[in-house]
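What follows is one structure encoded as structure tokens, with my remarks underneath.
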Amino acid sequence: MVAQLLGLRLRLLANAFRRSPWQVFGLALGLAYGIVTVVLVIGALVAARLAPDVADVHSVLVVIGSIVVAGFLLLPLLFGVDDALDPRKFALFGIPDRELARALALAALIGVPALVLSVCSLATVITWSRDPGAAVLAVLSALLVVPTCVLASRISAAVASLLVSPRRSREAGGVVAILALVLIAPVLLLLLTVDWGRDGLGTLSGFAGWLQWTPLGAAWSMPGAAAEGDGGAAFLQFLVAAATVGVLWLVWRTLVSLVLVAPEREPRVRDHHGLGWFARLPGGPTAAIAARSMTYWGRDPRYWVALAMIPVIPVFVIVALALGGLPIHFASLVPLPLVCLFLGWTIHNDVAFDSTAIWLHLVSGTRGIADRLGRMFPPVLIGIPVIAVGSVVTTAVFGDWAVLPAIAALCGSILVIGLGLSSAFSALFPYPATKPGDSAFTQPQSSGASAALAQAFSFFAIVILASPAIVFLVLGLTVNPFWLGVSPIVSVLVGFAALGGGLWAGARAFDRRGPELMAFANRND
63 MVAQLLGLRL
73 RLLANAFRRS
83 PWQVFGLALG
93 LAYGIVTVVL
103 VIGALVAARL
113 APDVADVHSV
123 LVVIGSIVVA
133 GFLLLPLLFG
143 VDDALDPRKF
153 ALFGIPDREL
163 ARALALAALI
173 GVPALVLSVC
183 SLATVITWSR
193 DPGAAVLAVL
203 SALLVVPTCV
213 LASRISAAVA
223 SLLVSPRRSR
233 EAGGVVAILA
243 LVLIAPVLLL
253 LLTVDWGRDG
263 LGTLSGFAGW
273 LQWTPLGAAW
283 SMPGAAAEGD
293 GGAAFLQFLV
303 AAATVGVLWL
313 VWRTLVSLVL
323 VAPEREPRVR
333 DHHGLGWFAR
343 LPGGPTAAIA
353 ARSMTYWGRD
363 PRYWVALAMI
373 PVIPVFVIVA
383 LALGGLPIHF
393 ASLVPLPLVC
403 LFLGWTIHND
413 VAFDSTAIWL
423 HLVSGTRGIA
433 DRLGRMFPPV
443 LIGIPVIAVG
453 SVVTTAVFGD
463 WAVLPAIAAL
473 CGSILVIGLG
483 LSSAFSALFP
493 YPATKPGDSA
503 FTQPQSSGAS
513 AALAQAFSFF
523 AIVILASPAI
533 VFLVLGLTVN
543 PFWLGVSPIV
553 SVLVGFAALG
563 GGLWAGARAF
573 DRRGPELMAF
583 ANRND
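So the sequence shown is numbered by this note's numbering: it starts at 63 and just counts up by one.
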């Protein structure tokens, strides 16, 4: 059974290379990223081997290693995973619980994160090769770290499946996680104020002092304690790490047994009366698609989460700028353009969000321009009051009403540039997205680096096109107020040019690539 599941896992990974050329390129880029990460980590570990202070090296490795273990534990629980080897999928095969738990745990070792972790943890032998005993413990440390992380990840995913399987519960947990990030952002950013050149190692040493006795850092600390000559501490940390693996294994076996027999909870179905937005908007293809888009944005958790994420990044940015010493009246100019940037960018993969429902647009002969314009309606409806109110608030905080036209025009320009480019990218370069009904925090395994490329290109293209207006605004604030009059003109010209060009390219692509879009939807359903 173990061999069969390992073979299944390998075939799943191999099949990823049989997809479209863009997806293969994205997967290859992802593998290259993993290889580069391994090379950089090994280079850092070699440099640490030459460091004169063993205690400092010990502290740094314990803190970083603890963060890695915490990531394996928390990320699947908070954001969900599209688990190809979910124990529920094997419930009808009659496999003994213990054998299935062992096979799934071993199969989880086959994957880019686990392989990168394995190589990097074994490479710590290089760092601790200055002492034979520490080198032996480094090997033992790697043998404990890898199963700790893999089992923690599997347990986290199983708990998410068992306890919060209803879709809305997962979305609620994710939104809570987002709010938690906002709350701890000041704490994290305060760490940036530490003078790391003077006090950084002392700060890390303080964290490492208690992390080394926890399940997060005990395994990472063993070789460092031995290298410092504290064999007793190394032995006790080995006991903590070994006990952690044992407890995680028992928990994993128990969860597999529970998941196999526990029925998946079904979400409650709500009744909706009336035609909603279809009754509020006039007839015609564009209005129908706009009404459907508004219905999605109002009921689909995937859009809720996207909207909830929009205010998060400006909070981080403005706190970081304030801690960095930028005056608050200048920092206040940043959040609103960022909100408009992300709001316009939200529909850059809107076609993929439709999944197979896109066939309704294709078989009904809907023109591309109607589809593109209809999908813009929700972000435009949200963006207009956001820009109107936000520009006034931003200008009031800044303290100079002369910048109001430039701020409002810049934010409007960023929004329409984003909508135009997103209209083109969603038809030209769709990538696999969360399917309707799935957790909004689940990403399909097949998306790979092709998704990252599409996201990066569409995002930074908006920034590049908006940069002339941003430059003129900055010149008006720092050099000559004359440029404050030029910035709105440039914003309007560039914004509507990008909107028109994006609509034309997106509509043309939608009209000409209908079969390809339908094939994409079926392939990723």
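Even glycine gets a Cβ: it sits at the ideal position worked out from N, Cα and C. Note that the structure is predicted; figures quoted are calculated from it, not measured.
Val124 is classed as buried because its beta carbon has at least 16 other beta carbons within 10 Å across all chains shown. Residue environment: Val108 is assigned as exposed (fewer than 16 neighbouring CB atoms within 10 Å of its CB, all protein chains considered). Considering only Leu154, Ala280 and Thr186, the residue with the shortest C-alpha distance to Val323 is Leu154. Val119 has its alpha-carbon roughly 17 Å from the corresponding atom of Val130. In the three-state reduction of the DSSP assignment, Leu278 falls in the coil class, being assigned neither a helical nor a strand state. Looking from the CA of Ala296, the closest CA among Met284, Gly436 and Ala289 belongs to Met284. Boundaries cannot be given for His410, as no alpha helix (DSSP H) includes it and DSSP labels it neither H nor E. Counting other Cβ atoms within 10 Å of its Cβ, Trp463 stays below 16 and is therefore classed as exposed. Taking Leu481 as reference, the option from Ala471, Phe491 and Pro440 with the minimal CA-CA separation is Pro440. Around the beta carbon of Asp433, 16 or more other beta carbons lie within 10 angstroms, which makes this residue buried. Taking C-beta atoms under 8 Å as the contact rule, Ala204 and Ser183 qualify, at a distance of about 4 Å.
Using a 10 angstroms sphere on the CB of Val541, the tally of other CB atoms stays under 16, which defines it as exposed. The C-beta of Gln66 has fewer than 16 other C-beta atoms within 10 Å across all chains shown, which makes the residue exposed.
Here Ile479 really is in contact with Leu527; their C-beta atoms are around 5 Å apart, less than 8 Å.
Counting along the chain, the unbroken alpha helix (DSSP H) around Glu161 starts and ends at Asp159 to Ala169. Contact between Arg364 and Thr276 does not hold, since the beta-carbon distance rounds to 36 Å and is not under 8 Å. DSSP places Gly547 in the helix class (H, G or I) of the three-state scheme. Pro498 is not a Cβ neighbour of Ala414, given a cutoff of 8 Å.
Note on geometry: alpha-carbon atoms of Ala113 and Ser191 lie some 12 Å from one another.
Restricting attention to Leu561, Gln274, Val178 and Ala288, the CA atom closest to the CA of Val302 is found in Gln274. Using a Cβ distance threshold of 8 Å, Ser488 and Asn584 do not count as a contacting pair. The beta carbon of Thr348 sits closer than 6 Å to those of Ala432, Leu435 and Gly436, all from its chain and outside the five residues before and after it, given in chain order. Residue burial annotation: His423 is buried, with at least 16 other C-beta atoms found within 10 angstroms of its C-beta. In terms of Cβ geometry, Ala176 and Val221 do not form a close pair [threshold 8 Å]. Our two residues, Leu490 and Pro397, have alpha carbons roughly 30 Å apart in a direct line. Contact between Ile126 and Ala185 does not hold, since their C-beta atoms are separated by about 13 Å, which reaches or exceeds 8 Å. Arg315 is a Cβ neighbour of Ala163, given a cutoff of 8 Å. A check of alpha carbon separations from Ala165 across Val425, Gly69 and Ala571 identifies Gly69 as the nearest. With fewer than 16 other CB atoms across the displayed protein chains lying within 10 angstroms of its CB, Ile97 is exposed. Residue range Pro347 to Arg361 is occupied by the alpha helix (DSSP H) that includes Gly360. The alpha-carbon separation between Pro209 and Gly268 amounts to approximately 27 Å. Less than 8 Å divides the Cβ of Asp193 from the Cβ of Ala289. Secondary structure of Glu578 (DSSP, three-state): helix. DSSP assignment within the segment 397-452 yields the following whole alpha helix (DSSP H) runs of 4 residues or more, N-terminal first: 397-407, 412-416 and 421-425.
Annotated three-state conformation of Leu561 is helix, per DSSP.
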